[in-house]
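S.K.: Just so you know, the sequences run in chain order A and B. Taking this note's numbering as reference, the numbering of the first sequence is continuous, increasing by one, and the terminal residue is 284. Taking this note's numbering as reference, the numbering of the second sequence is continuous, increasing by one, and the terminal residue is 616. Yeah, the Cβ is synthetic: ideal placement off N, Cα and C, and Gly gets one too.
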Amino acid sequence: MISVKNLYHSYTHDDVYAVNNVSFEIAKGEVFGFLGPSGAGKSTTQGVLTGLLPLQKGEVTVAGYDMRRRNRQMFNKIGVSFEQSNVYNKLTALENLEFYKKLFDVKTEDPMKLLEIAGLSEVAKHKAGTFSKGMKHRLTFVRSMLNNPELWFLDEPTTGLDPAIGRQIIDIVKQKKSEGTTVFLTTHNMNVADELCDRIAFIIDGEIKLIDSPRNLKLQFGEKLVVVDHIVNGITKREQFSLIDPADMARLNTLISTGQIEMMHTKEATLEEIFIKVTGRGLE
Amino acid sequence: MKKIMAIIGRDIRSGTRDWLIIYLSFAAIFIALILRALIPSVSSSALNVVMLENATPELITFIEANATVSFVDDEEALKERILRIDDVVGLKEVNGKFEIIKQGNEAIPMETSLKMILATYGKDTSILPMTVAFSDIGWEISPIKLEGGSILIIFTTVFGGMLILLNLVEEKMSNTLSAINVTPMSRPQFIFGKGILGFSIPVIGGICAAIILGFGGINIWMFIVSILSIALISIIVGFSIGVTNNEPISAIASMKMVFVPILASVFGAMFLPDKWHFTLYWSPYYWAYDSIHAILIQEATWLQVLRDSGIIIVFTGLIFLALRKRIMQGLR
Numbered sequence: 001m002i003s004v005k006n007l008y009h010s011y012t013h014d015d016v017y018a019v020n021n022v023s024f025e026i027a028k029g030e031v032f033g034f035l036g037p038s039g040a041g042k043s044t045t046q047g048v049l050t051g052l053l054p055l056q057k058g059e060v061t062v063a064g065y066d067m068r069r070r071n072r073q074m075f076n077k078i079g080v081s082f083e084q085s086n087v088y089n090k091l092t093a094l095e096n097l098e099f100y101k102k103l104f105d106v107k108t109e110d111p112m113k114l115l116e117i118a119g120l121s122e123v124a125k126h127k128a129g130t131f132s133k134g135m136k137h138r139l140t141f142v143r144s145m146l147n148n149p150e151l152w153f154l155d156e157p158t159t160g161l162d163p164a165i166g167r168q169i170i171d172i173v174k175q176k177k178s179e180g181t182t183v184f185l186t187t188h189n190m191n192v193a194d195e196l197c198d199r200i201a202f203i204i205d206g207e208i209k210l211i212d213s214p215r216n217l218k219l220q221f222g223e224k225l226v227v228v229d230h231i232v233n234g235i236t237k238r239e240q241f242s243l244i245d246p247a248d249m250a251r252l253n254t255l256i257s258t259g260q261i262e263m264m265h266t267k268e269a270t271l272e273e274i275f276i277k278v279t280g281r282g283l284e
Numbered sequence: 285m286k287k288i289m290a291i292i293g294r295d296i297r298s299g300t301r302d303w304l305i306i307y308l309s310f311a312a313i314f315i316a317l318i319l320r321a322l323i324p325s326v327s328s329s330a331l332n333v334v335m336l337e338n339a340t341p342e343l344i345t346f347i348e349a350n351a352t353v354s355f356v357d358d359e360e361a362l363k364e365r366i367l368r369i370d371d372v373v374g375l376k377e378v379n380g381k382f383e384i385i386k387q388g389n390e391a392i393p394m395e396t397s398l399k400m401i402l403a404t405y406g407k408d409t410s411i412l413p414m415t416v417a418f419s420d421i422g423w424e425i426s427p428i429k430l431e432g433g434s435i436l437i438i439f440t441t442v443f444g445g446m447l448i449l450l451n452l453v454e455e456k457m458s459n460t461l462s463a464i465n466v467t468p469m470s471r472p473q474f475i476f477g478k479g480i481l482g483f484s485i486p487v488i489g490g491i492c493a494a495i496i497l498g499f500g501g502i503n504i505w506m507f508i509v510s511i512l513s514i515a516l517i518s519i520i521v522g523f524s525i526g527v528t529n530n531e532p533i534s535a536i537a538s539m540k541m542v543f544v545p546i547l548a549s550v551f552g553a554m555f556l557p558d559k560w561h562f563t564l565y566w567s568p569y570y571w572a573y574d575s576i577h578a579i580l581i582q583e584a585t586w587l588q589v590l591r592d593s594g595i596i597i598v599f600t601g602l603i604f605l606a607l608r609k610r611i612m613q614g615l616r
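Here's what the structure looks like:
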């Protein structure tokens, strides 16, 4: 669905690249997370992929369209949700969606249905200028679903939202994922990426440092530990055992066989820990 | 077409919720109405006299034969009528003598003419050997009406331009341009949709201003051809300022810069000797004034109108080509 080969982008049109030799491919139906701190090059890459920024150097194909020869028909297939809400404040929520609906050449969703999904049907006829930040964000988000996109670009879809609204949005993305929509997710929220993405790419200073599935990354970078709560002389004690060290494995087997274990679970590395390990930098 | 109509519909809907845009849409009509009220009389070429109703029938008949006469009940009403903004002189007969009452600020010497008419009253001469008509040298209509109308019609391009730039600035402030840019709408469609309202304002405003100011006898087709070419200026002005400003205050401040070429062109054309008019040839507003002024005084020829309109179209086309890259970048 997306193919990027040796992509470079410079805002100053010189050798200072915001995106530096980035290559990746995204298959149809895949949810691909693009993770990195602010200024890493995530939005620049998305800008080139969505045609908002010109393709300066490299090869990019999006939804079958070569971005060197941009064809606006490709926007019938893609949806873009922006990090910053961008709606017409003087128009109502319904008018906003009805306006954008007319700009597509394909069958579109019913605006009222989308407002219901976003929990905005009650305020459909209220001007967007009176909305809270979260409401505007949800309106921006569902607007990107108007044309039933095959390829959906989501830029920081949950950033700055309260947890309940963030959860709503994650659930909507999961639903679309189950329907086969390809998603390009730009975020610095590792929990969201972990929950939604089939594969993730770590980008920092304009360069991709690593691409893999969250599971593989955890297996590769996790320490294969088991945390065990067990009873010793009537007192619960928590211990950590390596699944590689023979001595630890022997002790763990003993505890299992004596039936003194209260709770036991594997300890996986979080994506954030892996990111720090790989890039040497945090995400904020 | 559906997409262009969507842009126009959005702008109209949004505009009806913004007092500044509502004002700009009707500004030409408002100003024309004000001008109309300020003009002494759209038909000020007649001698206007107000008399008491109880004047003798002979005098009434005699004055009506030589002037436009209106009547009032008493002297208070007579004074009140004379003090109104237009030029009317009062006439009453006291003990066989005539008293002419005037406000003192009449634009034309009505008193002298009325005295000349009254001098023949009761004499054998039944028909005066003259026709009373007031005219400035070379003027057949009020200068305020003519020049005010010409300037107003040219200024409608400012109103149209402001409408475009305010809509563009709104798009930029709310970052909705990005959202438009990820739809199948092409940039030419967007420009066309955004420009059409700004184009319509000078066309509708100019026609309404001409009607309100009483330019009924002009060649309407010449007027329409001229006004259509003039309206193109508002598109260029609107887009070039709209894409380079990110908020309304700076956009309006930039718009004020356009007043300089407009006023320089119009007043230059009015007051400069013909041999210096070439210094204004660079300005599309000069050519706009040249044709509109000639059309309003009914002296325009098709050759002049087509020449002026052609020059305006070429100028605006060249300006658009020069600014094209900047406009396209500004719309990203």
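What does the alpha-carbon distance come out to for the pair G479 (chain B) and I448 (chain B)?
M.R.: Between G479 (chain B) and I448 (chain B), the C-alpha separation is close to 6 angstroms.
S.K.: Run through the stretch 330-417 of chain B for me and flag every whole alpha helix (DSSP H) of 4 or more residues, listed as ranges in chain order.
M.R.: Taking only runs of at least 4 residues, the alpha helix (DSSP H) segments lying wholly in the stretch 330-417 of chain B are 341-348, 359-366 and 394-402.
S.K.: For E531 (chain B), which option in B:L452, B:A584 and B:Y565 has the closest C-alpha, if you only look at C-alpha atoms?
M.R.: Closest by alpha carbon: B:L452.
S.K.: Assess contact between the stretch 154-169 of chain A and the stretch 53-72 of chain A, defined as three or more Cβ pairs (one per stretch) separated by less than 8 angstroms. Is contact present?
M.R.: Too few Cβ pairs lie closer than 8 angstroms, so no.
S.K.: How would you list, in chain order, the residues of chain B whose beta-carbon sits under 7 angstroms from the beta-carbon of V80 (chain A)?
M.R.: Chain B residues near V80 (chain A): V466.
S.K.: Cβ closer than 7 angstroms: which chain A residues qualify as neighbours of R301 (chain B)?
M.R.: Chain A residues near R301 (chain B): K90.
S.K.: From S328 (chain B) to E390 (chain B), what distance separates their C-alpha atoms?
M.R.: In this prediction, S328 (chain B) has a pLDDT of 49, which is less than 50 and means its spatial position is unreliable; nothing more can be read from the coordinates.
S.K.: Let me check one thing: in DSSP terms, what residues is Q240 (chain A) bridge-paired to?
M.R.: Paired residue(s): A:V227.
S.K.: Got a sec? Which residues, its chain only, sit under 6 angstroms from G422 (chain B) by beta carbon, not counting five neighbours each side?
M.R.: With a pLDDT of 48 at G422 (chain B), under the threshold of 50, the modelled position of this residue cannot be trusted; read the value that follows with caution. Contacts found: none.
S.K.: Let me know if K286 (chain B) comes out buried or exposed under the rule of 16 or more other beta-carbons within 10 Å of its beta-carbon.
M.R.: Its Cβ having fewer than 16 others within 10 Å, K286 (chain B) is exposed.
S.K.: At least one CB of chain A closer than 8 angstroms to the CB of K609 (chain B): is that the case?
M.R.: K609 (chain B) does not count as touching chain A.
S.K.: Identify, in the order they occur along the chain, each residue of the same chain with its Cβ nearer than 6 angstroms to the Cβ of V326 (chain B), setting aside the five sequence neighbours on each side.
M.R.: Residue placement at V326 (chain B) cannot be trusted, given a pLDDT of 43 that sits under 50; what the coordinates show is reported in the next sentence. Same-chain partners within the cutoff: G498.
S.K.: Report the option in B:I491, B:N503 and B:G501 whose CA atom is closest to the CA atom of I514 (chain B).
M.R.: Comparing Cα positions, the closest option is B:I491.
S.K.: Going along chain A, which residues have a C-beta under 8 angstroms from N530 (chain B)?
M.R.: Near N530 (chain B) there are no residues of chain A at all, since even the closest Cβ is about 14 angstroms away, more than 8 angstroms.
S.K.: How would you call R338 (chain A), buried or exposed, if buried means at least 16 neighbouring beta carbons within 10 angstroms?
M.R.: With chain A represented from 1 up to 284, any question about residue 338 (chain A) goes unanswered, as that position is not in the structure.
S.K.: Check the Cβ of L185 (chain A) against every Cβ in chain B and list those closer than 7 angstroms, keeping chain order.
M.R.: Result: empty, since nearest Cβ-Cβ is about 16 angstroms, beyond 7 angstroms.
S.K.: Roughly how many whole angstroms lie between the Cα atoms of V598 (chain B) and S178 (chain A)?
M.R.: Approximately 57 angstroms between the Cα atoms of the pair.
S.K.: Relative to chain A, which residues along the stretch 325-357 of chain B have a C-beta separation below 9 angstroms, given in chain order?
M.R.: Residues: none.
S.K.: So what does DSSP say about K77 (chain A), is it helix, strand or coil?
M.R.: In this structure, K77 (chain A) counts as coil in the three-state DSSP scheme.
S.K.: Can you name, in chain order, every residue of its own chain whose Cβ lies under 7 angstroms from the Cβ of A118 (chain A), other than the five neighbours on each side?
M.R.: Around A118 (chain A): R138, L139, F141 and V142.
S.K.: Quick one: Cα of S132 (chain A) to Cα of I235 (chain A), how far?
M.R.: For S132 (chain A) and I235 (chain A), the distance between alpha carbons rounds to 51 angstroms.
S.K.: Is it buried or exposed, Q473 (chain B), if we count other Cβ atoms within 10 angstroms and call 16 or more buried?
M.R.: Label assigned to Q473 (chain B): buried.
S.K.: Taking only beta-carbon atoms, is S309 (chain B) less than 8 angstroms away from chain A?
M.R.: No, no contact with chain A.
S.K.: Quick one: is R616 (chain B) near chain A, going by C-beta distance under 8 angstroms?
M.R.: By this cut-off, R616 (chain B) is an interface position.
S.K.: Is T130 (chain A) buried or exposed, if buried means 16 or more other CB atoms sit within 10 Å of its CB?
M.R.: By the neighbour-count rule (16 or more Cβ atoms within 10 Å), T130 (chain A) is not buried but exposed.
S.K.: Considering only C-alpha positions, which residue in the set B:M446, B:L547, B:I596 and B:A290 is nearest to A537 (chain B)?
M.R.: If we check each option's Cα against that of A537 (chain B), B:M446 comes out closest.
S.K.: So is L605 (chain B) buried or exposed if we call it buried at 16+ other beta carbons inside 10 Å?
M.R.: Label assigned to L605 (chain B): exposed.
S.K.: Identify the continuous alpha helix (DSSP H) that holds K174 (chain A) and give its terminal residues.
M.R.: That run of the alpha helix (DSSP H) goes P163 to S178.
S.K.: Using the beta-carbon count (16 or more within 10 Å), is D295 (chain B) buried or exposed?
M.R.: By the neighbour-count rule (16 or more Cβ atoms within 10 Å), D295 (chain B) is buried.
S.K.: Using the C-alpha atoms, what's the distance from N459 (chain B) back to F82 (chain A)?
M.R.: In a straight line, the C-alpha of F82 (chain A) is about 10 angstroms away from that of N459 (chain B).
S.K.: Applying a beta-carbon distance threshold of less than 9 angstroms, which residues of chain B neighbour N360 (chain A)?
M.R.: It is not possible to answer for residue 360 (chain A), since the shown part of chain A is limited to 1 through 284.
S.K.: Let's test the definition: count the other Cβ atoms within 10 Å of the Cβ of P214 (chain A) and tell me whether it reaches 16, buried, or not, exposed.
M.R.: P214 (chain A) comes out buried.
S.K.: Can you grab the Cα-Cα spacing for the pair I313 (chain B) / L481 (chain B), in whole Å?
M.R.: If you take the alpha carbons of I313 (chain B) and L481 (chain B), they lie about 16 angstroms apart.
S.K.: When you compare each of B:R610, B:D371 and B:I485 to I511 (chain B) by their alpha carbons, which one comes out closest?
M.R.: For the residues B:R610, B:D371 and B:I485, the minimum Cα distance to I511 (chain B) belongs to B:I485.
S.K.: What's the C-alpha gap between E360 (chain B) and F483 (chain B)?
M.R.: Taking the straight line from one Cα to the other gives about 50 angstroms.
S.K.: Just the Cα atoms here: how many angstroms apart are L436 (chain B) and I496 (chain B)?
M.R.: If you take the alpha carbons of L436 (chain B) and I496 (chain B), they lie about 12 angstroms apart.
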